[in-house]
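Peer 1: First to last, the sequence lines map onto chains A and B. For the first sequence, the positions run 4 to 856 when my numbering is used. For the second sequence, the positions run -3 to 148 when my numbering is used. I have a structure here, written as structure tokens, and I will follow up with some questions on it.
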Amino acid sequence: MQNGVSEESELIATVGKTSVKIKEVVRDARGIEEVVKLAIEHPDFGWPERRLQQVECRLRIYPSARDLKDWDSFLLGRYSPLHVPQSETCTDCSLGPCDLSTERGACGSDMRTKCARDSLLAACRGASQMISHARELLDEALKRFGRDEKISHGRNVRYPSICTMLFTGKPIYTLDDADDALKYAERQLSELLAAATAPGELDVLDLECKAMHAGSMFLLAAEVAELVKESCFGLCSAADQDLVDLPNFPHFIERGVGALDLGKPVVLFLGNSFLAGIETIELVKERGLEDEIQICGVGQMGFDLGRRYERVKHLGGALKALRVVRAGVADVIVVGEQCVHLNILEEAKKARTAVIAVSSKLSMGLDDMTGEETSKIVEMLVGGEVTGVLILNPDKAAEVAIETARALSKRREKLMLPRLSDAARCNGCGVCDDACPNALEVSEAVLAAKGGDAEKLKELYDSCWFCARCEGVCPENIPIMSLILSAAKDKMRAERFKMRPGRGTPVHLEYRDVAYAFGFGTVSGMVAIIGCSAYPGSEQDVGYMVNELVDMNYLVLTAGCCAADIASFYNEVEKKHIYEAWPALLQLRNFLNCGSCSAFAHVARAFIKYNHLIARLPLLGNFEEHADYTLGKMPMGVIIWGPATDLVYAAALGLARMGVAVVLGPHGWKFRHFMPGNVEDRSRWWAYDGFTGRKVETDPAPPHMIVPVETKEEALTMITRLVFRVNDFRDGRMSKMDSYWSFYERFFRSIPEDFHLYVRADAELPWSRKHKMVRILGEKYGWEVDKRRGIILKYKHRDGRLLTPEEYTREYGIKVGQYSTFLKRLILKPEARGGLAASEPAQPSPREGDDRG
Amino acid sequence: MAEIVRAEGAAKLLRRAARPLILIGSQASGEALEAAVRIAKGASARVAATGNAVAALKGMGLDAKKEWTIEIVNRMTLPQGFEGEDKPDLLVFIGFYPYVLHGVLSTLKHFSECRTLVLERRYFESADFSFPKMSKREWVEELRKVAEGVSV
């Protein structure tokens, strides 16, 4: 590395015959000169010479939120944040408390500032969970293998660590590189948290930019966590599989309590107890206990451990873990931080289950027994001297878990639930109804059980997420949650589905196979369904959505707890549960699960990867250009189903910042913050013609970036609407229009009122609906059409003018196949425009453009 | 805190509103939905069907339009008009998940000028006017009385 101002100013990056000065492409090159040089010159991920000549090269390496403000400002300008205030009183600083409902607070904050700050704090909390998770794994890997240990990306991955290198400007090849990337995220997080501390940052836009930056840091950390898990701790990955094996990769594991042999010892892993889980698997194998000890996981542990050991049983989403704990199916529960019910110790005590906490971040007030003899700890747990212990050594935790489970299994009975006669105490006060966060009609079910009818309680089993608030408020102390489990005991025992625990990243050949179909629009879009899922009826809802989207020719992938819920959906056509019904490639008519919530990074990678493959966009330190391209061209969307945890909140912001539209399920109204577009305000919908720099009015695509919906039908319809892009090719626009119209008509028995905004040429109308659409355009919207022939003669511009096809193409929307951008610096330099250097390029008619497409 | 209203007060608010917009969500069904339709017809108000409600409402002969709750809330917070018309001066909610409505009302309360009337069986403090907590049976009865009241 060169030092000193004079040397720095001389440093040049050269690609072919084109050179650029390092100091001119980054804001501050000091200390990162070589990284910047490599980022430009890298043979695979750097800048092709032609691109260097075409646009202004500007890299954002180790960027702060400020460095990415150009993009964030554009995005937040188009999709202005809509806030959901959580309270009227601000107590964020010592100047308050201040009532913000009527006037500014003592520090100068108003309600909007407060909401933006809350948003930033939530995103920081979510990012910190993932960064901390990645740090724990990385530190353990560094201790075991050293800094120079190579990260294996697998032989089928040609683009490693995409989420990371967009920000750090270099790929991760060793643990040292991973450490460098994570340190960057940690620095950013502390900076963001400082800004979130009142009074701190006061500008709403800056706060929003910072919240999105926290989202990006979440995705970066998630990628580091996944790489370390796969490379150092043996989680299976598609990256090492032959393509012919991928439709059936990875192995199936079983999901559901019905998969357990309750006569054998059961060790259940909750939260982030990854290292202890891996060691337990190793020990079980080493001692030949595979047929005796049953290892199961809830939430992320079900996926991660399942990717390592095919005998692992997944017992459902993390937020519903209490039902498994209350049912007492586990002899030992190993608990790490994140997504854990804080009442777990008390619940375990009721079920006579032993608890081993393995994280200093969630020690639950337990005594640290790390230094004690294993036999002594086992004796204390088995004898009931203590309910739980804290063990901060994964090897010892594994040993204690196995021995305790073996001993306790002989002494305790599983699935011991109260009799329904406890319902007799119900006085019908309805306090439980008010307490239920899902507004379930609990008292009605308990009263029916009092009268001898347990059916309604049994029905609640599918809707309840088992938070136990109902029984906490019950004045008669009726164990309502246990009654629900008791009524549905047979149903619970019958739960046994096959699922794939997660395959990590999609691989190069899969991408290549659909890349051009994607680029030219014959694939409608790629939709990821992610999230915690815990929501009334979610087990069927998420599976239903997957099934519908696969049927509608979308590429569908999933990650996070909802991937476990999806497993129970039965495909009536194939007569199979969903993981068995669809093969697991990143292809049409397939469906794949990437893994736990850290595998959100694989989802993000899948979105970005296509930009590089199709447009050869440089990857290193080039986040903005990728986000610009995704928003303008790539039909990517995410449905997040379930509660608004901070972790998912950060993921949503990180994905939206990448240009990926996000639909939130009904609990999305708790998200505090949305990014709806204002379709009616024409001034917001524009793009630069990338060749001439002319600002062109466009269709409002996608109309929103982050929006909540109320039902699964709304989610499906909205996501097909949010994959519209201004740069759609003819076939892409046609298939998107078809799926949007199809869902809308089917679910709402009417036609989408805004469809005319997306009509750019009659050649883009779906063939099967073309005549109907043309007729409606004529009758309802005043377009000049030939109904008999099904063609549009004159297009009605949003300003009311009737235009010929040629005029319309020039004045509304981006011409098919033409390069466009939302960022001024990405407009082609005049010298790179070739024959298009004139102020206005020749405009082919829509049909000509379409035919070329 | 929302002012608690019963059927009579709610009907009066609806009658006095110049441009009421009734939002009917997916959670209204059976007798409650029938009453909601009668209210809408009686008040001659514009109806926005959110969630999946539009099909059922059309089936009951109501000229309802499919709308997205987020888009209505967003428009209400913006300075511009409402689809070329003046903004509604009263938003009436029937048939929503409580956790959806809490968010909707909180946003409207702080970032819009319009008044809100909640005709649910729970009390919503962020609204301007809300029914009190009541049983399902009482709720349906109360909705019927509102329908009678607006038709007067």
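In this text, a Cβ means the ideal position worked out from N, Cα and C, and glycines have one as well.
Nearest by alpha-carbon distance to A/Gly793: which of A/Asn625, A/Phe603 and A/His774 is it?
Peer 2: For A/Gly793, the nearest C-alpha among the options comes from A/His774.
Peer 1: In this structure, does DSSP put A/Ser489 in helix, strand or coil?
Peer 2: Helix at A/Ser489.
Peer 1: At 3 residues or longer, what runs of the beta strand (DSSP E) sit wholly inside the stretch 64 to 116 of chain A?
Peer 2: Counting only runs of 3 or more, we get nothing.
Peer 1: Can you tell me whether DSSP reads A/Thr21 as helix, strand or coil?
Peer 2: Here A/Thr21 sits in strand by DSSP.
Peer 1: What residues in its chain sit with their C-beta under 7 Å from that of B/Ala52, if we drop five residues either side in the sequence?
Peer 2: Cβ within range, chain order: Leu29.
Peer 1: Between the stretch 470 to 489 of chain A and the stretch 429 to 443 of chain A, are three or more C-beta pairs nearer than 8 Å?
Peer 2: Cβ pair count under 8 Å is three or more, so yes.
Peer 1: Span of the beta strand (DSSP E) holding B/Ala193?
Peer 2: Residue 193 of chain B lies beyond the residue range present for chain B, which begins at -3 and ends at 148; the question has no answer from this structure.
Peer 1: I want to check one thing, is the minimum distance from the CB of A/Lys775 to the heavy atoms of the ligand SAH below 7 Å?
Peer 2: In the structure on display, the ligand SAH does not appear, and there are no ligands present to speak of.
Peer 1: Can a CB atom of chain A be found closer than 8 Å to the CB of B/Gly26?
Peer 2: By this cut-off, B/Gly26 is not an interface position.
Peer 1: Taking A/Gly816 and A/Arg763 to be in contact with their CB atoms under 8 Å, please state how far apart those CB atoms are, rounded to whole angstroms.
Peer 2: Right, their Cβ atoms sit about 5 Å apart.
Peer 1: In the DSSP assignment, the alpha helix (DSSP H) including A/His743 goes from what residue to what residue?
Peer 2: Per the sequence presented here, residue 743 of chain A reads as Tyr, with His not at that position. From DSSP, the alpha helix (DSSP H) with A/Tyr743 extends over Arg733 to Phe751.
Peer 1: Identify, in the order they occur along the chain, each residue of the same chain with its Cβ nearer than 6 Å to the Cβ of B/Pro128, setting aside the five sequence neighbours on each side.
Peer 2: Closer than 6 Å at the Cβ level, and outside the excluded window around B/Pro128, lie Ile0 and Tyr119.
Peer 1: To the nearest angstrom, report how far apart A/Leu667 and A/Val712 are at their CA atoms.
Peer 2: Spanning the two alpha carbons is a distance of roughly 6 Å.
Peer 1: Given that B/Ala51 touches chain C, what residues does it touch there, using C-beta distances under 7 Å?
Peer 2: No chain C is part of this structure, whose protein chains are labelled A and B.
Peer 1: Is the beta carbon of A/Arg30 sitting closer than 8 Å to the one on A/Asp70?
Peer 2: Yes, the pair counts as a contact, with Cβ atoms nearer than the cut-off.
Peer 1: Taking only the alpha-carbon atoms, compute the straight-line gap between A/Glu756 and A/Glu748 and give it to the nearest angstrom.
Peer 2: Straight-line Cα distance between these residues: approximately 11 Å.
Peer 1: On a Cα-Cα basis, can you pick out the residue from A/Leu420, A/Tyr652 and A/Arg355 that is closest to A/Val335?
Peer 2: Comparing Cα-Cα distances from A/Val335 to each of A/Leu420, A/Tyr652 and A/Arg355, the minimum goes to A/Arg355.
Peer 1: What do you reckon, are the CB atoms on A/Leu365 and A/Gly391 nearer than 8 Å?
Peer 2: Contact flag unset, no.
Peer 1: What are the boundary residues of the alpha helix (DSSP H) that includes A/Phe825?
Peer 2: Neither: A/Phe825 is in no alpha helix (DSSP H) and is coded neither H nor E.
Peer 1: Starting from the C-beta of B/Ile90, find all residues in its chain whose C-beta is less than 6 Å away, skip the five residues before and the five after it, and write them out in chain order.
Peer 2: Closer than 6 Å at the Cβ level, and outside the excluded window around B/Ile90, lie Ile20, Ala24, Ala32 and Leu115.
Peer 1: Compare the beta carbon distance of A/Ile165 and A/Met220 with 8 Å and say whether it is the shorter of the two.
Peer 2: Not closer than 8 Å, so no.
Peer 1: Do the stretch 219 to 239 of chain A and the stretch 151 to 166 of chain A meet, that is, are 3 or more Cβ pairs less than 8 Å apart?
Peer 2: Touching, yes.
Peer 1: Quick one: what does DSSP say A/Pro679 is sitting in, helix, strand or coil?
Peer 2: Residue state, collapsed to three classes: strand.
Peer 1: Measuring only between beta-carbons, confirm whether A/Trp672 sits less than 8 Å from chain B.
Peer 2: Closer than 8 Å: yes.
Peer 1: By the 10 Å Cβ neighbour count, where 16 or more other Cβ atoms means buried, how is B/Glu121 classified, buried or exposed?
Peer 2: With fewer than 16 Cβ atoms within 10 Å of its Cβ, B/Glu121 is classed as exposed.
Peer 1: Using the DSSP secondary-structure output, state which residues sit across from A/Leu393 in a beta bridge.
Peer 2: For A/Leu393, which the question treats as bridged, DSSP gives the partners A/Ala360 and A/Asp371.
Peer 1: Identify every run of the beta strand (DSSP E) within the stretch 68 to 115 of chain B, keeping only runs that are complete inside it and at least 3 residues long; order them along the chain.
Peer 2: Runs found: 86 to 90 and 111 to 114.
Peer 1: Can you tell me whether A/Asp264 is buried or exposed? The criterion is at least 16 other CB atoms within 10 Å of its CB, across all chains shown.
Peer 2: The residue in question, A/Asp264, is exposed, as its Cβ has fewer than 16 Cβ neighbours within 10 Å.
Peer 1: Could you give the distance in angstroms between the alpha-carbon of A/Val207 and the alpha-carbon of A/Ala452?
Peer 2: A/Val207 and A/Ala452: Cα-Cα distance of roughly 52 Å.
Peer 1: Confirm, please, whether the CB-CB distance from A/Arg150 to A/Thr177 is below 8 Å.
Peer 2: Going by C-beta atoms, A/Thr177 is nearer than 8 Å to A/Arg150.
Peer 1: Within the chosen definition, does the stretch 810 to 825 of chain A reach the stretch 664 to 681 of chain A through at least 3 CB pairs nearer than 8 Å?
Peer 2: Judged by Cβ distances under 8 Å, the stretch 810 to 825 of chain A makes no contact with the stretch 664 to 681 of chain A, as fewer than three pairs qualify.
Peer 1: Once you ignore the five residues that flank A/Gln590 on each side, which residues in its own chain have a CB closer than 8 Å to its CB?
Peer 2: Within the same chain, A/Gln590 has close Cβ partners Glu513, Asp516, Val517 and Leu558.
Peer 1: Leaving out five residues on either side along the sequence, give the residues of the same chain with a beta carbon under 6 Å from the beta carbon of B/Ser108.
Peer 2: Closer than 6 Å at the Cβ level, and outside the excluded window around B/Ser108, lie Met72 and Thr73.
Peer 1: Please report the Cβ distance between A/Ala630 and A/Arg660, rounded to the nearest whole angstrom; I am assuming they are in contact, meaning their Cβ atoms lie under 8 Å.
Peer 2: Correct: roughly 6 Å between the Cβ atoms.
Peer 1: So, with DSSP's three-state summary, where would you put A/Gln244?
Peer 2: Coil at A/Gln244, not helix or strand.
Peer 1: For a test of the three-state rule: what should DSSP assign to A/Trp689, helix, strand or coil?
Peer 2: Note: A/Trp689 maps to strand in three-state DSSP.
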